[in-house]
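Here the numbering used here is used: position 275 in the sequence shown is 324, and no number is missing along the way. Each residue gets a CB set at the ideal place from its N, CA and C atoms; glycine is no exception.
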Amino acid sequence: MTSLSPSKIESGSVRSVAIAVPQGSIQTLVAQTAQETALPPVVFVHGMACNADLWQAQLEKTAQSRDAIAISLRGHGTSTPPPDDDYSPAACAADLFAVLDALGLEQIALVGHSYGTSVAIAAAAAQPQRLTQLILVDPPIDCTHCPADVYAAQIAPMQADMLGKGWRSVLTQSFRQALMGGTPETHAEILTRLDQTPEAALRGTSRELFTFPALDGLDTYLASPGANAHVILAAAKAMPFSLHVLRPALSTTTIPNTGHWLMLDAPKAFDQALNSCLATG
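Structure representation (structure tokens):
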């Protein structure tokens, strides 16, 4: 089955449902298309300090031609926090698959933003046969592939600051830097979301940013039959350990004049880029 069963979700506008997973429940936004289609649903995964409603506009537009779903990661939105404090991409990917199984979905096009790209990569590496496409929106660098001297000089101090006593001010400053190039409206919205996100979720996802081997997971997916991966970037990024730099053959689209939350800064340009990627599936 590649589309939502009417017995599971009624047709109509975006709806929020709580779907049971082994460690609690996951807030899931569902937009079911009224069209008959063989296209696989598109599943959206947000990043740090956000939740499923980050993708509200994309859910509504995508549902004009196919089903669309967005999940709130564990401990975000109304999704229950993990009792074991595990916010790892692998654990979040397991939640994602539990949601897909509950909805009766075998194959999807998967879109992740920021930390959500780590979750998407973990899912793609674990069960590549369930993905028709993997679309990574402004993914973070892979710290695990930094040379030892670079890690010691740049990454380790950042990690210590991010996880230390002054972690919240450090995190807020990093968000302000990531917002550069974006609109004042996006700046205000994201900082509000940051303030509203539970501490456990912020600390849990921050911890994983430094240790997740994104490139290894991506390579596992790319080696699978039928792999179809794309990267959509905010402004021009050429950091040495960015995934599109480490794997230059990746299909890459850059949206100018945007900060990290490019779907908010330039929604029309982002939707065009997303649709172009989806058209290759």
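If you compare the alpha carbons of Asp133, Ala175, Ser163 and Asp134 with that of Leu145, the shortest gap goes to Ala175. Secondary structure within the stretch 247 to 314: the beta strand (DSSP E) runs of 3 or more consecutive residues, fully enclosed, are 278 to 283 and 300 to 304 (chain order). For Phe93, DSSP records a beta bridge to Ala119 and Val160. For the stretch 144 to 195, the full-length alpha helix (DSSP H) segments reaching 4 residues or more read 164 to 175 along the chain. Leu313 places its beta carbon 8 Å or farther from that of Arg256.
Under a 10 Å Cβ-count criterion, Asp116 is classified as buried, with 16 or more other Cβ atoms of the shown protein chains found around its own Cβ. Out of Ala283, Leu108 and Ala249, the CA that lies nearest to the CA of Ala80 is found in Leu108. A Cβ-Cβ contact shorter than 8 Å links Thr181 with Gly330.
Pairing Phe224 with Leu243 gives a Cβ-Cβ distance under 8 Å. Contact between the stretch 195 to 204 and the stretch 154 to 171 is absent: fewer than three C-beta pairs spanning the two stretches fall below 8 Å. Secondary structure note for Ala87: it is in no beta strand (DSSP E), with a DSSP letter that is neither H nor E. Below 8 Å, enough C-beta pairs join the stretch 239 to 253 and the stretch 127 to 145 to call them touching: three or more. Cβ contact annotation for Pro177 (same chain, cutoff 6 Å, sequence separation greater than five): Tyr270 and Ser273, in chain order.
Thr77 sits away from Ala112, with the two beta carbons spaced by 8 Å or more. Judged by DSSP in its simplified three-state form, Ser128 adopts coil rather than helix or strand.
In the three-state scheme derived from DSSP, where H, G and I count as helix and E and B as strand, Ser137 is classed as coil. Setting aside the 5 residues that flank it on each side, Gln72 is surrounded in the same chain by Pro131, each with a C-beta closer than 6 Å to its C-beta; the list follows chain order. Secondary structure at Gln72: coil, using DSSP grouped into helix, strand and coil. Rounded to the nearest whole angstrom, the C-alpha separation of Ala202 and Gln208 is 11 Å. By alpha-carbon distance to Ser62, the top candidate from Cys99, Ile204 and Ala106 is Ala106.
Taken through DSSP and simplified to helix, strand or coil, Ala205 comes out as helix. Counting along the chain, Asp102 sits inside no alpha helix (DSSP H), nor does DSSP assign it H or E at all. In the three-state DSSP reduction, Gln245 falls in the helix class (H, G or I).
Leu149 and Gln226 have their C-alpha atoms roughly 35 Å apart.
By the Cβ neighbour-count rule, Asp187 is buried, with 16 or more other Cβ atoms within 10 Å of its own. For Lys214, there is no enclosing alpha helix (DSSP H), as DSSP gives it neither H nor E. With at least 16 other beta carbons inside 10 angstroms of its own, Pro90 counts as buried.
Per the coordinates, the alpha-carbon of Ala69 lies some 18 Å from the alpha-carbon of Ala172. Excluding sequence positions up to five before and after Ile75, its CB lies within less than 6 Å of the CB of Ile68, Ile120, Ser128, Asp144 and Val148, all in the same chain and listed in chain order.
Just measuring C-alpha positions, the residue of Trp104, Met97 and Leu295 sitting nearest Leu159 is Trp104.
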